[in-house]
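A.B. asks: My numbering puts the first residue of the sequence shown at 50, with every later residue one more than the last. C-beta: ideal position from N, C-alpha, C; glycine also. Predicted model only: the values in this text are computed from it and were never measured. Sharing a structure with you now.
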Amino acid sequence: MSKKIPKELLQTPKGTHDILPVDAPYWDHVMSVAEHTANFYGFNRIATPHFEKTELFLRTLGETTDIIEKQMYSFRTRGGDSLTLRPEGTASIARAYIQHGMQTLPQPVKLYYAGSFFRHENPQRGRYRELHQFGFEILGEEDVVTDALVIRLMYTILVELGFQNIAVQVNSIGDEESRAAYRKELMVFYRRRFNSLCKDCKRRVKENPLRLLDCKEMFCIQLREEAPQMLKSLSEASKKRFTTLLEFLDDGGIPYFINPYLVRGLDYYTDTVFELFVNCLDGSVSSEENALEDTTPKETPDKPLPIAVAGGGRYDGLIKLLGGKPTPAVGGALGLDRIVMEMKTLNLQFPKKHTPRVFLVQLGPAAKKKTFALLEEFRKAGMPVSESMGKDSIKSQLRIAEKVASSYALILGQKEALDGTVIVREMETGMQETVFLKDVVETVKSKLKGKK
Ligand code: HAM
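What follows is the structure, given as structure tokens:
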């Protein structure tokens, strides 16, 4: 007797999901719009492994970030190496840039990538453990126009997908010099109020004061209002960068909001950081990521809080951190799961792929073989056809042809197989004509041309 299969075995692991054929057209459409836009702006595709040496992420993402502290899927190989399923793409791109000597190519190097990333997060709306991103990186250019270009690219993709009320939130976390000064200021401010801080923030004061601005506890959020602001502590160079970026966005007609508390969850950023939201009437609203725990606005089932569908920023120190020649860089990634989720919620329309308009019907072993060969003739002619060659009854094959709304059924019975002919039946009217098998592709092609 076979053993009973436990129910859980037939569920996807927590935080993961299948992309079913009903949803695949959304994914295909988003991928195609993103790829098309990336190609237009001169980006080339790169694919890196789904896992990397653990050390790569430890060195680049920041010791005290959530990803490093609690979200990595790490494992030891039989040979004793420690590997990690990639939680994000930028570290791998930086590694590939150095490994393949891309600094000798004409700069900047513009790359795009798409795929799965893995973070051990608490699953909730739009938050998965296996997530999908479409990312862009521009390496080897320090001009702030490239920061604007990455934002332009992501904004354009969202517009092309049909989103409205897109909110771009931007901030500058300054260069190293500004950040070091700001960190000191923050420490002084928070040390004076140390006892009122939440447990995590008490730790953050010592380990990573910038992340204090990101806390979701109500009291810490209130305190943040009085805290010194990064934008006021920017060095002249960083201030200039930020103003120029805003000018590019203004001139480019990209609406934005300055969010002085946007710090992002990765430590490699310098200067520009940004996040994009959709379905956001007021782009300054708090996002799920920086929402208050106990105060308004509260999420309700029919009015969920906006979640970032994309994020990124500049990371001028990352390549050097990995031992490469200092190389300025900027990039960002779209969260595909969230984009598809929002498209479905908003019922956004897009051109669907045409289903084949011709259906092959056969009866008898000889006709089945001829149909099998005919299928290849249609493929060579670039004309999609449907079939149900596993079925032997003409009736059931015609029923399927009707269901899939074919315009023509091509019927090959025993007689036709012997004569080298085929019956072309117009499904709507039931009118039929017999043509030679060798001419059928051309005949159907010209009939379809005249039909809508
Ligand atoms: P990130 O903000 O961590 O940035 O992720 C980018 C986007 O991926 C987010 O805005 C969100 O839409 C989506 N995302 C992140 N985590 C999840 C999750 N658990 N479930 C579903 N979607 C998620 C990065 O990953 C950087 N590497 C982006 C970048 C590229 N910066 C510079 N270059």
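1) Determine the burial state of ILE117: buried for a count of at least 16 other Cβ atoms within 10 Å of its Cβ, exposed for fewer.
2) Give the straight-line distance between the Cα atoms of LEU508 and PRO74, rounded to the nearest whole angstrom.
3) Look up LEU395 in the DSSP assignment and say whether it is helix, strand or coil.
4) To the nearest angstrom, how far is the alpha carbon of GLU338 from that of ALA357?
5) Does DSSP put ASP320 in a helix, in a strand, or in coil?
6) Tell me whether PHE212 sits in a helix, a strand or coil according to DSSP, three-state version.
7) Excluding sequence positions up to five away, which residues of its chain have a Cβ less than 8 Å from the Cβ of GLY91?
8) What residue does the beta strand (DSSP E) around GLU475 start on, and which one ends it?
9) At which residues does the beta strand (DSSP E) containing HIS149 begin and terminate?
10) Is any non-hydrogen atom of the ligand HAM found closer than 7 Å to the C-beta of ALA430, if you look at the structure I gave you?
11) Go through the segment 79-129 residue by residue and report every complete run of the alpha helix (DSSP H) that reaches 4 residues or more, in order.
12) So does ALA163 have its beta carbon nearer than 7 Å to some heavy atom of the ligand HAM?
13) Is the segment 163-181 close to the segment 61-72, with three or more CB pairs under 8 Å?
14) To the nearest angstrom, report how far apart ASN257 and THR205 are at their CA atoms.
15) Tell me whether ARG387, by its Cβ, gets closer than 7 Å to a heavy atom of the ligand HAM.
16) Just the C-alpha distance for THR114 and VAL312, rounded to the nearest angstrom, thanks.
17) Where does VAL312 fall in DSSP's three states?
18) Please confirm whether any heavy atom of the ligand HAM lies closer than 7 Å to the CB of GLU137.
19) Compute the beta-carbon to beta-carbon distance between SER221 and ARG290, rounded to the nearest angstrom, for a pair I have assumed lies under 8 Å.
20) Using only alpha-carbon positions, find the residue among ILE68, VAL208, ILE147 that is nearest to LEU398.
21) Tell me, please, whether the segment 287-307 touches the segment 81-100 by the rule of three or more beta-carbon pairs shorter than 8 Å.
22) Tell me whether VAL240 is buried or exposed, calling it buried when 16 or more other Cβ atoms sit within 10 Å of its Cβ.
23) Closest to SER282 by C-alpha separation, out of ALA458, ALA83, ARG232, LYS464, would be which residue?
24) Excluding the five sequence neighbours on either side, which residues of its own chain have a C-beta within less than 8 Å of the C-beta of LEU110, listed in chain order?
25) Is it buried or exposed, ILE303, if we count other Cβ atoms within 10 angstroms and call 16 or more buried?
26) Going by alpha carbons, who is nearest to PRO277 out of PHE238, ASP249, ILE307, PHE297?
27) For the beta strand (DSSP E) containing ALA458, list its first residue and its last residue.
28) What would DSSP say about ILE270, mapped onto helix, strand or coil?
29) Does GLN173 come out as helix, strand or coil in the three-state DSSP assignment?
C.D. replies: Answer, in terms of the structure:
1) As a position in the sequence shown, residue 117 is number 68, starting the count at 1. So ILE117 counts as buried.
2) With the chain running from 50 to 501 in the structure shown, residue 508 is simply not present.
3) As a working note, residue 395 is residue 346 in the sequence shown. The answer is coil: DSSP assigns LEU395 none of H, G, I, E or B.
4) Position 289 of the sequence shown, counting from 1, holds the residue named residue 338. Position 308 of the sequence shown, counting from 1, holds the residue named residue 357. Confidence is the limiting factor: at GLU338 the pLDDT is only 47, short of 50, which leaves the residue's position unreliable and the question unanswerable from this model.
5) Position 271 of the sequence shown, counted from the start, is the residue given in the question as residue 320. Looking at ASP320 - three-state DSSP - the assignment turns out to be strand.
6) The residue labelled residue 212 in the question sits at position 163 within the sequence shown. Of the three classes helix, strand and coil, the one that applies to PHE212 here is coil, per DSSP.
7) In the sequence shown, the residue the question calls residue 91 occupies position 42. Only LYS159 meet the Cβ criterion.
8) The sequence position of residue 475 within the sequence shown is 426, counting from 1. Element bounds for GLU475: 470-475.
9) In the sequence shown, counting from the first residue as 1, residue 149 sits at position 100. Element bounds for HIS149: n/a, residue is neither H nor E.
10) Numbered from its first residue, the sequence shown carries residue 430 at position 381. No; taking the cut-off as 7 Å, the Cβ of ALA430 has no heavy atom of the ligand HAM nearer than that.
11) 103-109
12) By 1-based counting over the sequence shown, the position of residue 163 is 114. It does not: the Cβ of ALA163 is nowhere closer than 7 Å to a heavy atom of the ligand HAM.
13) yes
14) What you label residue 257 is simply residue 208 of the sequence shown in a count that begins at 1. What you label residue 205 is simply residue 156 of the sequence shown in a count that begins at 1. C-alpha separation (whole angstroms): 34 Å.
15) The residue labelled residue 387 in the question sits at position 338 within the sequence shown. Yes; taking the cut-off as 7 Å, the Cβ of ARG387 has a heavy atom of the ligand HAM nearer than that.
16) Locating residue 114 in the sequence shown gives position 65, where the first residue counts as 1. Locating residue 312 in the sequence shown gives position 263, where the first residue counts as 1. Going from the Cα of THR114 to the Cα of VAL312 covers about 11 Å.
17) As a first step, residue 312 is located in the sequence shown; it is residue number 263 there, counting from the start. The answer is coil: DSSP assigns VAL312 none of H, G, I, E or B.
18) Here residue 137 is taken as the residue at index 88 of the sequence shown, counted from 1. Yes; taking the cut-off as 7 Å, the Cβ of GLU137 has a heavy atom of the ligand HAM nearer than that.
19) For the purposes of this step, residue 221 is identified with residue 172 of the sequence shown, where counting begins at 1. For the purposes of this step, residue 290 is identified with residue 241 of the sequence shown, where counting begins at 1. Going by Cβ atoms, the distance from SER221 to ARG290 rounds to 7 Å, so yes, they are a contact pair.
20) Taking the sequence shown and counting its residues from 1, one reaches residue 398 at position 349. Reading the sequence as shown, one finds Gln at residue 398 and not Leu. For the residues ILE68, VAL208, ILE147, the minimum Cα distance to GLN398 belongs to VAL208.
21) no
22) Looking up residue 240 in the sequence shown gives position 191. First, the amino acid is wrong: residue 240 is Arg here, not Val. So ARG240 counts as exposed.
23) As a position in the sequence shown, residue 282 is number 233, starting the count at 1. Of the candidates ALA458, ALA83, ARG232, LYS464, the one whose C-alpha sits nearest the C-alpha of SER282 is ARG232.
24) Counted from its first residue, the sequence shown places residue 110 at position 61. Excluding sequence neighbours, LEU110 sits near ILE116, ILE117, PRO136, GLU137, ALA140, LEU315, ASP316, TYR317.
25) By 1-based counting over the sequence shown, the position of residue 303 is 254. Buried is the call here.
26) Against the sequence shown, residue 277 aligns to sequence position 228. Answer by Cα proximity: PHE238.
27) For this step, residue 458 is matched to residue 409 along the sequence shown. Counting along the chain, the beta strand (DSSP E) containing ALA458 begins and ends at 457-461.
28) As a working mapping, residue 270 is identified with position 221 in the sequence shown. The answer is helix: DSSP assigns ILE270 an H, G or I state.
29) Residue mapping note: residue 173 aligns to position 124 of the sequence shown, counting from 1. Strand at GLN173.
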